[in-house]
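First comes the structure, then the notes that go with it.
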Amino acid sequence: MKLVLVAAAVGIVTSSKLRSLESQGLESAYAAFLEQHSLRRAGDAVSHSERLAAFARSRARVAAQNRRAERSWTAGLNRFADHTPEEFSRLLGFKRMGAWWNTTGSFLQTSAAFAESIDWAAKTTTGAYFIDQGACGSCWAVAATGALEMRAEIAHKKAPSMLSYKELLDCVPNPHHCGGDGGCSGATGELAFQYVAQHGLSARKSYHGDVEATESCRPDMRSAVVKANSFVRLPINKLQPLMMAIQEGPVVVSVDGEPWSNYESGVFDGCKRDSTVNHAVLLVGYGRDAQVGKDYWLVRNSWGSWWGEKGFIRVQRHSSDEGEEGYCGTDYDPKQGVGCDGGPSTLPVCGMCGILSDSVYPDGVTAF
Numbered sequence: 001m002k003l004v005l006v007a008a009a010v011g012i013v014t015s016s017k018l019r020s021l022e023s024q025g026l027e028s029a030y031a032a033f034l035e036q037h038s039l040r041r042a043g044d045a046v047s048h049s050e051r052l053a054a055f056a057r058s059r060a061r062v063a064a065q066n067r068r069a070e071r072s073w074t075a076g077l078n079r080f081a082d083h084t085p086e087e088f089s090r091l092l093g094f095k096r097m098g099a100w101w102n103t104t105g106s107f108l109q110t111s112a113a114f115a116e117s118i119d120w121a122a123k124t125t126t127g128a129y130f131i132d133q134g135a136c137g138s139c140w141a142v143a144a145t146g147a148l149e150m151r152a153e154i155a156h157k158k159a160p161s162m163l164s165y166k167e168l169l170d171c172v173p174n175p176h177h178c179g180g181d182g183g184c185s186g187a188t189g190e191l192a193f194q195y196v197a198q199h200g201l202s203a204r205k206s207y208h209g210d211v212e213a214t215e216s217c218r219p220d221m222r223s224a225v226v227k228a229n230s231f232v233r234l235p236i237n238k239l240q241p242l243m244m245a246i247q248e249g250p251v252v253v254s255v256d257g258e259p260w261s262n263y264e265s266g267v268f269d270g271c272k273r274d275s276t277v278n279h280a281v282l283l284v285g286y287g288r289d290a291q292v293g294k295d296y297w298l299v300r301n302s303w304g305s306w307w308g309e310k311g312f313i314r315v316q317r318h319s320s321d322e323g324e325e326g327y328c329g330t331d332y333d334p335k336q337g338v339g340c341d342g343g344p345s346t347l348p349v350c351g352m353c354g355i356l357s358d359s360v361y362p363d364g365v366t367a368f
C-alpha cells in the first residue's frame, strides 16, 4: 500500500511538471508569434489568458489541418491566431440580402463558351489594390469598391484612382436594415451599387477619413470619378449565371468567412455544407490546381496582402449547383450573418462556404 501511494505521488509530481512544461512551451510559442508578426498587446482590452487560450486553439487547429495526409490546403498561424471569436466576427460584418431585391439579368450561356481559367486580378492594375479592413465590418464596401475599380479598368483599358470605400461607409443609406445597420456594422454590395448608380463614387484621395469608423456623410468631399448605370443580382445558388458573369469581370460574392482565419495556401475545402454566410468578398476568377486535382474559385479578400496567398484565397469550385456535386446545405442562423429584418429563419446555401448563395456586380461602369 505504501509503495502504491509513493508511486501515485510521483505520478502527480510528474503530471504537474508536464503541465508546467507545456504551459512554458505555449508561452514561449506565443511570445515568438507576437515577435514574428510585430504585435504589441500591452494595454490590451483582452486579457493575456484569453489571448493565450485563443492562440492555443488556433495552434491546435493548424496542427490538425496540416496533419491531414490528403489535404488540399495548408493552415498557418497568421495575425488572427490570438483573436477572440468576438474580435474575428467584426471582420465579417455582412448580411446577405433577402427577398427585398429581385434577381435581374438573363443567363442562357452554355458552359462551352466559358474560358478554361480567368484571373482578373492578374489582368488589371487595380487587382493589386489591397485593403486591410481592420476592426471595421467594411467587407461589403471594400468588395464593392474593388468590383467598380476593376470593371472600370476593364471597360476603359485604364486604371482609375483608388476609390473611396470610406464614402460608402459614411453615405450609403440602409432603410430596410438589410446587411446590418450600415457602415462598419455591415451592409451589402447591392446597397453600395445602388448608391453609386445615383451619386457616383469619389477617389480615395478626395473622400477620406477614419476607415475604421462610420461617420456622418460629407457631401462637400464628394467628387465622383466612377459611376454605374445599375447592378445585376444573380440567381441564388446557381453555378451557370456566376460562371457567365465572371467572364466579363469581378463579382461580389457572399461566403462563410469564419473558417478562413487560419488559411495560408492551397485550395480551401474546410467549410461544412451548412454554412452561415457572413462575409462579402470579390470573386476575381477561377481555375484548376492540377497538383491537388481540384477546381477553384479565386477570391480577393479584404484582410490585407499578408493574409493567405498574398491577400487571395482559392476556394474549391464544385461542378454543379445541385445534389452531391453542388455541395448544398442550409444556413440555420441567417440573423447572425445573412438575414434581413423580417427574413426567413433558414436559407439554402450552395457551393463551398456558400459561395453561390448571393452574388452581385455593377453594370455599365464608367470612369471620368
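For what it's worth, full-length UniProt numbering labels the leading residue of the sequence shown as 1, then goes sequentially.
From the three backbone atoms N, C-alpha and C, an ideal C-beta is built for every residue, glycine too.
Buried versus exposed call for PHE368 [16 or more other C-beta atoms within 10 Å across all chains shown]:
exposed
Going by beta carbon distance, what residues of the same chain come within less than 8 Å of SER216, once the five residues before and after it are set aside?
ASP170
For SER38 and LEU26, I'd like the C-alpha separation in whole angstroms.
18 Å
Three CB pairs or more closer than 8 Å across the stretch 200 to 209 and the stretch 221 to 233
Because the criterion of three Cβ pairs below 8 Å is met, the stretch 200 to 209 and the stretch 221 to 233 touch.
Could you tell me which of ILE236, PRO219, SER261, GLY189 sits nearest to residue 369, measuring between CA atoms?
The structure shown does not extend to residue 369, since the chain is modelled only from 1 to 368, so the question has no answer here.
Between ASP341 and the rest of its own chain, which residues show a CB-CB distance below 6 Å, the 5 nearest in sequence each way excluded?
HIS177
Are residue 370 and SER117 touching if we call contact CB-CB under 7 Å?
The structure shown does not extend to residue 370, since the chain is modelled only from 1 to 368, so the question has no answer here.
Could you tell me which whole alpha helix (DSSP H) segments of length 4 or greater appear in the stretch 338 to 365?
none
I'd like the span of the beta strand (DSSP E) that includes GLU50, first residue to last.
Looking at the DSSP string, GLU50 is not in any beta strand (DSSP E); the run it does join, the alpha helix (DSSP H), is 48 to 67.
Backbone CA spacing between TYR327 and HIS318 [nearest angstrom]:
7 Å
Buried or exposed: PRO160, going by 16 or more other Cβ atoms within 10 Å of its Cβ?
buried
Hey, is the stretch 123 to 139 in contact with the stretch 299 to 306, meaning 3+ C-beta pairs nearer than 8 Å?
yes
Simplified DSSP assignment, three categories, for THR276:
coil
Could you say which of ALA135, LYS310, ARG218, ASP289 lies nearest to GLU167 if we only look at CA atoms?
ARG218
Spatially closest choice to GLN240 from GLU258, ASN78, SER359, by CA coordinates:
Looking only at GLU258, ASN78, SER359, the smallest Cα-Cα distance to GLN240 is reached by SER359.
For GLY43, is the classification buried or exposed, using 16 other Cβ atoms within 10 angstroms of its Cβ as the cut-off for buried?
exposed
From SER206, ALA29, GLU248, ALA121, residue whose alpha carbon lies closest to that of ALA113
GLU248
Proximity winner among GLN65, ALA32, ASP82, GLU35, relative to LEU52 (alpha-carbon distances):
When each option's Cα is compared against that of LEU52, the closest is ASP82.
Start and end of the alpha helix (DSSP H) containing ILE246?
239 to 246
Determine the direct distance from the alpha carbon of ARG204 to that of LYS238, and round the result to whole angstroms.
34 Å
Could you please give me the residues that DSSP links to PHE231 through a beta bridge?
PRO362
Inter-residue Cα distance where the pair is LYS294 and VAL267
7 Å
DSSP beta-bridge partners for residue 378?
With the chain covering only 1 through 368, there is no way to say anything about residue 378.
Could you pull the start and end residues of the alpha helix (DSSP H) that VAL142 belongs to?
139 to 156
Just to confirm, are THR74 and GLU264 a CB contact at a threshold of 7 Å?
yes
From VAL338 to THR276, what does the alpha carbon distance come to, in whole angstroms?
A caution first: VAL338 carries a pLDDT of 48, below 50, which makes its placement in the model too unreliable to give a value.
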